[in-house]
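> Right, I'll just put the structure down here and ask away after.
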């Protein structure tokens, strides 16, 4: 069964949230999801750019009280 | 030109330029780029083990950045290697000038390289200098 893990990268600046996502991506199984919490506005657009470039799947990007919730599914 | 081949020459001692070089290296490497970094001059000093030198700010941005939770440039270079397979080459000339051996440098660096080989390998790549 697919699992979902939350990565709290709030307070770090670019490319910190992206690097945290990639570090954790190596540790999960295909089909699992990671939710990155970020206060860095640039990462809210950079992370989807990276996800599309390398072939994973964007699930959602939402902003709530200055915190972006970026959910990514490992596709390969 | 291969868009995925990225060659980065880093000679600066300024924290702003080191930070940007590390960002290009790490993001380029984890995005599938074939990244090679050549460290020389002042930049190499920060990769000598046990040398706790602080890179100096050349402007206001660098001073502001020091108070923020920005990923340290050395961590980003290390991640470029670990996560993206980047190669970081210490300049053999700079090592000679500093009387430094390979064992004195951070272990994630590759074997020393001469400028001639780096330039030869950089043919056809994006080239960035900092």
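Protein chains in written order, with the working numbering: chain A, 1 to 76; chain B, 1 to 130. Positions of the beta carbon are idealized from the N, C-alpha and C atoms, including for glycine.
What do you get for residue 1 of chain B, buried or exposed, if any count of 16 or more other CB atoms within 10 angstroms of its CB means buried?
The residue you call residue 1 of chain B lines up with position 1 of the second chain. Its pLDDT being 45, under 50, residue 1 of chain B is placed unreliably by the model, and the measurement read from it follows with that caveat. Looking at its Cβ environment, which holds fewer than 16 other Cβ atoms inside 10 Å, residue 1 of chain B is exposed.
> Where residue 133 of chain B and residue 17 of chain A are concerned, what is the direct C-alpha to C-alpha distance, given to the nearest angstrom?
Chain B is shown from 1 up to 130; residue 133 of chain B falls before or after that span and cannot be answered.
> Please name the residue, chosen from A/23, A/20, A/12, A/28, that lies closest to residue 1 of chain A on a Cα-to-Cα basis.
Numbered from 1 along the first chain, position 1 holds the residue referred to as residue 1 of chain A. Ranking A/23, A/20, A/12, A/28 by Cα distance to residue 1 of chain A puts A/28 first.
> Would you please verify whether the beta carbon of residue 33 of chain B is less than 8 Å from any beta carbon of chain A?
Position 33 of the second chain holds residue 33 of chain B. It does not: the Cβ of residue 33 of chain B has no partner Cβ on chain A nearer than 8 Å.
> Run through DSSP, which three-state label would residue 59 of chain B get?
Taking the second chain and counting its residues from 1, one reaches residue 59 of chain B at position 59. Note: residue 59 of chain B maps to coil in three-state DSSP.
> So residue 23 of chain B contacts chain A; which residues on that side make the cut at Cβ distance below 8 Å?
Stepping through the second chain from its first residue, residue 23 of chain B is reached at position 23. Within chain A, the residues near residue 23 of chain B are 14, 15.
> So residue 51 of chain A is in the alpha helix (DSSP H); what residue range does that whole segment cover?
Against the first chain, residue 51 of chain A aligns to sequence position 51. 41 to 54 is the extent of the alpha helix (DSSP H) around residue 51 of chain A.
> Helix, strand or coil, according to DSSP, for residue 90 of chain B in the structure here?
For the purposes of this step, residue 90 of chain B is taken as the residue at position 90 of the second chain. In this structure, residue 90 of chain B counts as strand in the three-state DSSP scheme.
> Cβ closer than 8 Å: which chain B residues qualify as neighbours of residue 23 of chain A?
Here residue 23 of chain A refers to the residue found at position 23 when the first chain is read from its first residue. The contacting residues are 79, 83.
> Below 8 Å, can you find three or more Cβ-Cβ pairs linking the region 84 to 99 of chain B to the region 16 to 35 of chain B?
These segments touch.
> Any C-beta of chain B sitting closer than 8 Å to the C-beta of residue 74 of chain A?
The residue you call residue 74 of chain A lines up with position 74 of the first chain. No, its Cβ sits nowhere closer than 8 Å to a Cβ of chain B.
> Flag residue 74 of chain B as yes if its beta-carbon sits less than 8 Å from any beta-carbon of chain A, otherwise no.
Numbered from 1 along the second chain, position 74 holds the residue referred to as residue 74 of chain B. Not closer than 8 Å to any Cβ of chain A, the Cβ of residue 74 of chain B fails to qualify, so no.
> Do residue 20 of chain A and residue 36 of chain A have their CB atoms nearer than 8 Å?
For the purposes of this step, residue 20 of chain A is taken as residue 20 along the first chain, with counting starting at 1. For the purposes of this step, residue 36 of chain A is taken as residue 36 along the first chain, with counting starting at 1. In contact: residue 20 of chain A and residue 36 of chain A (Cβ atoms closer than 8 Å).
> Counting C-beta neighbours from all protein chains within 10 Å, is the total for residue 53 of chain B 16 or more, i.e. buried, or is it exposed?
One-based indexing of the second chain puts residue 53 of chain B at position 53. Exposed.
> Residues of chain A with CB under 7 Å from residue 5 of chain B, in chain order?
Reading the second chain from its first residue, position 5 is the one you call residue 5 of chain B. In chain order: nothing, as chain A lies at least about 16 Å away.
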